[in-house]
Amino acid sequence: MNGSPLWLKAHALLVFAFLYLPIAILILYSFNGQGVGGFPPRDLTLNWYRILFNDAAIWDSVLNSLLVAASAMFIALLFGIPAALALDRANFPGKALFRRLVLLPLILPGIITGLSLLMLFRVSNVKLSLLTIILGHGTALISVATTEAFAGLQKLNRAQEEASLDLGATYWQTFWRITVPNLKLSIIGAALLIFTLSMDEIAVSFFLIGRDNTLPLEIWGRLRRGITPEINAISTIIFMFSLAAIVLWYRLRTRAEVTSEIAAELVETAGS
Amino acid sequence: MFSRAYRTVITVPPLLWVAIFLLVPYALMFCYSFWSVNDAGTILHSWTMTNYHELLTKPVYWQTLLRSMWIAARVMFFSMLLGFLLAYFLSFHAGARKDLYYQLVIIPLWVSYLVRAYAWKTILGTDGVLNTLLQYVHVTKHPLDFLLYSPFAVVLTLTHIYTPFTFLPIYASLEHIPRHLVEASHDLGATPAQTFWRVILPLSIPGLLAGATFAFVLSLGDFLAPLLLGGPSGIMISNIVVSLFGAAYNWPLGAAISLCMLALVLALIFFSERLEKKWSFQ
Numbered sequence: 316m317n318g319s320p321l322w323l324k325a326h327a328l329l330v331f332a333f334l335y336l337p338i339a340i341l342i343l344y345s346f347n348g349q350g351v352g353g354f355p356p357r358d359l360t361l362n363w364y365r366i367l368f369n370d371a372a373i374w375d376s377v378l379n380s381l382l383v384a385a386s387a388m389f390i391a392l393l394f395g396i397p398a399a400l401a402l403d404r405a406n407f408p409g410k411a412l413f414r415r416l417v418l419l420p421l422i423l424p425g426i427i428t429g430l431s432l433l434m435l436f437r438v439s440n441v442k443l444s445l446l447t448i449i450l451g452h453g454t455a456l457i458s459v460a461t462t463e464a465f466a467g468l469q470k471l472n473r474a475q476e477e478a479s480l481d482l483g484a485t486y487w488q489t490f491w492r493i494t495v496p497n498l499k500l501s502i503i504g505a506a507l508l509i510f511t512l513s514m515d516e517i518a519v520s521f522f523l524i525g526r527d528n529t530l531p532l533e534i535w536g537r538l539r540r541g542i543t544p545e546i547n548a549i550s551t552i553i554f555m556f557s558l559a560a561i562v563l564w565y566r567l568r569t570r571a572e573v574t575s576e577i578a579a580e581l582v583e584t585a586g587s
Numbered sequence: 009m010f011s012r013a014y015r016t017v018i019t020v021p022p023l024l025w026v027a028i029f030l031l032v033p034y035a036l037m038f039c040y041s042f043w044s045v046n047d048a049g050t051i052l053h054s055w056t057m058t059n060y061h062e063l064l065t066k067p068v069y070w071q072t073l074l075r076s077m078w079i080a081a082r083v084m085f086f087s088m089l090l091g092f093l094l095a096y097f098l099s100f101h102a103g104a105r106k107d108l109y110y111q112l113v114i115i116p117l118w119v120s121y122l123v124r125a126y127a128w129k130t131i132l133g134t135d136g137v138l139n140t141l142l143q144y145v146h147v148t149k150h151p152l153d154f155l156l157y158s159p160f161a162v163v164l165t166l167t168h169i170y171t172p173f174t175f176l177p178i179y180a181s182l183e184h185i186p187r188h189l190v191e192a193s194h195d196l197g198a199t200p201a202q203t204f205w206r207v208i209l210p211l212s213i214p215g216l217l218a219g220a221t222f223a224f225v226l227s228l229g230d231f232l233a234p235l236l237l238g239g240p241s242g243i244m245i246s247n248i249v250v251s252l253f254g255a256a257y258n259w260p261l262g263a264a265i266s267l268c269m270l271a272l273v274l275a276l277i278f279f280s281e282r283l284e285k286k287w288s289f290q
């Protein structure tokens, strides 16, 4: 810290304030009896949380979102991990195009992914429902599973897989006993990321929505009708869950790093 | 070492999925943009250039596109300015607290995009937190009404949302700068400013390019922040597309605009990658 110019510190402080101000306001006003605006906040109350817990439509949409996120995560991992393996160790015509296509939804605005899928479902006469949202999220988030798994594969020592195959294990056994355990952290990281991104996704869902709302779309519908601190309350709860997920992920990663360090030391000691 | 069967099993399923759910939809978007819709609302599957002709001749489309690009350019500029200086501070001056600060930049990403845009709405509105605060401390007598429902509100909100996104690649590229290069520069008598301009900045260009592309492309295609905070003067190109796919019911014209956006975005990614390669440090 010493020697760093004061203005640089001040700037960093301001950026953090800019990033956290809306979140702080959001949480603070979820306890405000007087609604979402108005300074100073007065009549601190838990009333909005009480209303929220009796709001069946919100909880239905939360359940829908959880279902969508879990299914999208399954699809994205099911196709994203093999895609990473294919990019890492297979050669086929159109590989460069395939790599680009898989990763494209990561950088494209959601509206393009959403609309192009809407046209697909229209042409093939698929009715819009939660299923179409799941297919949309799954497709868009394969990119996340692939990038994470591919990064994990770059660090993987291929000699282990070779040894396993040489010792007579089948590809299937090698995959489950060597490849997957080595990619464990990348896969868990990708799964958490996909789950949260899907829970929050709105641009793609916006176009693929049938009768049942996901949580962001339910919130969106309410924002257009008028705003109440109930939205602050549900956002605060979800933020707390996300924070818990980050902490959990950190614990897992730190423990895994410690375990692998211990393992490396053991190997060294055994070898010497 | 991997058998043919193994390679087939890992390649074919993702290839098929990507073909069906990404390649075919983009191709369909291309087809739609050459179709048309009649007064009865039926889509005519005969090829025509009508949509592209309309895009070029009606000023509302390219004016809105230009305005969206101007909004996106401002978001890109501000989030790069904030993101770069923050990343520079973290990478070179934060010492032991680096990891903590890094986490603090990431955490806002876990709060829903929609919810953060909504939070800005509650801050900027006529009866919002900022206006009532200003009146409370007697800075203003009447609410400032230019805060919400303006391009300003859209730029502010999108800058808030994309600053962490631009920070990440910039920080990664700063962290990859070998510290002995910086030391060498100091030892050879360069001032801190010279070291910054001649060593650190050029080496962070790949990260800056990636961050800039992210911020520009994602805000260019945004339609929710303008709907929520933009008002009539903050309408962006995607809002036109949304209405063409909704109430205005002209999918082919909407597809043509989307395809132009897609082309623009792909061109930007292509150029940014070319530049990145040119500047990347070996």
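In the order they appear, the protein sequences are chains A and B.
For the first sequence, our numbering begins at 316 and goes up steadily by one.
For the second sequence, our numbering begins at 9 and goes up steadily by one.
Every residue gets a Cβ at the ideal spot worked out from N, C-alpha and C, and that includes glycine.
As the structure is a computational prediction, the values presented were derived from the model and not from experiment.
message: Let me make sure I understand the geometry here. Which of A:Ser-520, A:Ile-561, A:Ile-542 has the alpha-carbon closest to that of Ser-376 (chain A)?
response: A:Ser-520
- request: Give me the Cα-Cα distance between Tyr-257 (chain B) and Phe-522 (chain A), rounded to the nearest whole angstrom.
  value: 14 Å
message: Less than 8 Å between CB atoms is the rule here; does Pro-177 (chain B) satisfy it with respect to chain A?
response: no
message: So, for Trp-287 (chain B): in the same chain, excluding its five sequence neighbours on each side, which residues have a beta-carbon less than 8 Å away from its beta-carbon?
response: Pro-210, Ile-213, Pro-214, Leu-217
message: Looking only at its chain, what residues have a beta carbon closer than 8 Å to the beta carbon of Gln-349 (chain A), apart from the 5 residues adjacent to it on each side?
response: Pro-356, Arg-357, Asp-358
- request: Leaving out five residues on either side along the sequence, give the residues of the same chain with a beta carbon under 6 Å from the beta carbon of Val-113 (chain B).
  value: A distance below 6 Å between beta-carbons, with the five flanking residues on each side excluded, links Val-113 (chain B) to the following residues of its chain, in chain order: Pro-172, Phe-175.
task: Starting from the beta carbon of His-168 (chain B), find every residue of chain A whose beta carbon is closer than 8 Å, and list them in chain order.
output: Listed by position along chain A, the residues whose Cβ is nearer than 8 Å to that of His-168 (chain B) are Phe-333, Leu-334, Pro-337.
Segment contact flag, the region 508-516 of chain A with the region 380-397 of chain A, C-beta cutoff 8 Å, min 3 pairs: yes
query: Residues of chain A with CB under 7 Å from Leu-23 (chain B), in chain order?
result: Phe-413
- request: Compile a chain-ordered list of the residues in the region 227-255 of chain B whose CB is closer than 8 Å to at least one CB of chain A.
  value: Leu-228, Gly-229, Asp-230, Phe-231, Leu-232, Leu-236, Ser-246, Val-249, Val-250, Phe-253
- prompt: Between the beta-carbon of Ile-396 (chain A) and the beta-carbon of Ala-464 (chain A), is there less than 8 Å?
  reply: yes
message: Is the separation between the beta-carbon of Met-178 (chain B) and that of Thr-72 (chain B) shorter than 8 Å?
response: Per the sequence shown, the amino acid found at residue 178 (chain B) is Ile instead of Met. No. Outside cutoff.
- prompt: Can you name the start and end residues of the alpha helix (DSSP H) that Phe-231 (chain B) belongs to?
  reply: Phe-231 (chain B) -> no alpha helix (DSSP H), and no H or E assigned at all.
message: Within 10 Å of its beta-carbon, does Arg-82 (chain B) have 16 or more other beta-carbons around it, so buried, or fewer, so exposed?
response: In summary, Arg-82 (chain B) is buried, with 16 or more beta-carbon neighbours lying within 10 Å of its beta-carbon over all protein chains present.
Secondary structure of Leu-156 (chain B), DSSP reduced to three states: coil
query: Just how far apart, CA to CA, sit Met-316 (chain A) and Ala-220 (chain B)?
result: Low confidence applies here, because Met-316 (chain A) scores a pLDDT of 40, under 50, leaving its location unreliable and the question unanswered by this model.
- request: Within 10 angstroms of the Cβ of Lys-129 (chain B), are there 16 or more other Cβ atoms? Answer buried if so, exposed if not.
  value: buried
- prompt: Going straight from the alpha carbon of Gly-525 (chain A) to that of Leu-182 (chain B), what length do you get?
  reply: 45 Å
message: Taking 8 Å as the threshold (C-beta atoms), are Trp-564 (chain A) and Leu-480 (chain A) in contact?
response: The criterion of a C-beta distance shorter than 8 Å is not satisfied by Leu-480 (chain A) and Trp-564 (chain A).
- request: Look at Gly-409 (chain A) and Thr-428 (chain A) and say whether their C-beta atoms are less than 8 Å apart.
  value: no
message: Run through chain B and tell me which residues come within less than 8 Å of Thr-511 (chain A), C-beta to C-beta.
response: Trp-118
query: Quick one: which chain A residues come within Cβ less than 8 Å of Ala-264 (chain B)?
result: Under the 8 Å cutoff, chain A gives no residues; its nearest Cβ is about 12 Å from Ala-264 (chain B).
task: Can you tell me which of B:Ile-18, B:Leu-64, B:Pro-240, B:Ile-185 puts its alpha carbon nearest to the alpha carbon of Ala-95 (chain B)?
output: B:Ile-185
field: Alpha-carbon to alpha-carbon, Ala-559 (chain A) and Asn-497 (chain A)
entry: 25 Å
- prompt: From Gly-586 (chain A) to Asn-472 (chain A), what does the alpha carbon distance come to, in whole angstroms?
  reply: Its pLDDT being 49, under 50, Gly-586 (chain A) is placed unreliably by the model, and nothing is read from it.
query: Rounded to a whole number of angstroms, what is the C-alpha to C-alpha distance between Leu-141 (chain B) and Leu-156 (chain B)?
result: 15 Å
message: Can you tell me where the alpha helix (DSSP H) holding Leu-274 (chain B) begins and where it ends?
response: Where Leu-274 (chain B) is concerned, the enclosing alpha helix (DSSP H) stretches over 259-287.
- prompt: Going straight from the alpha carbon of Trp-491 (chain A) to that of Phe-10 (chain B), what length do you get?
  reply: 15 Å
- request: Output, in sequence order along the chain, the residues in the region 42-59 of chain B whose CB is closer than 7 Å to any CB in chain A.
  value: none
Local conformation of Ser-587 (chain A) per DSSP, three classes: Confidence is the limiting factor: at Ser-587 (chain A) the pLDDT is only 45, short of 50, which leaves the residue's position unreliable, though a coordinate-based value still follows. Ser-587 (chain A) falls in the coil class under three-state DSSP.
field: Beta carbon proximity, Phe-465 (chain A) to chain B, threshold 8 Å
entry: no
- prompt: What's the C-alpha gap between Ile-243 (chain B) and Lys-106 (chain B)?
  reply: 39 Å
message: Would you say Pro-397 (chain A) lies against chain B (beta-carbon separation less than 8 Å)?
response: yes
task: Compute the Euclidean distance between the alpha carbons of Ala-223 (chain B) and Glu-477 (chain A), then round it to the nearest angstrom.
output: 43 Å
- request: Go ahead and label Val-330 (chain A) buried or exposed: buried means 16 or more other beta carbons lie within 10 angstroms of its beta carbon, across all protein chains shown.
  value: buried
Backbone secondary structure at Asn-317 (chain A) - three-state DSSP: With a pLDDT of 45 at Asn-317 (chain A), under the threshold of 50, the modelled position of this residue cannot be trusted; read the value that follows with caution. Of the three classes helix, strand and coil, the one that applies to Asn-317 (chain A) here is coil, per DSSP.
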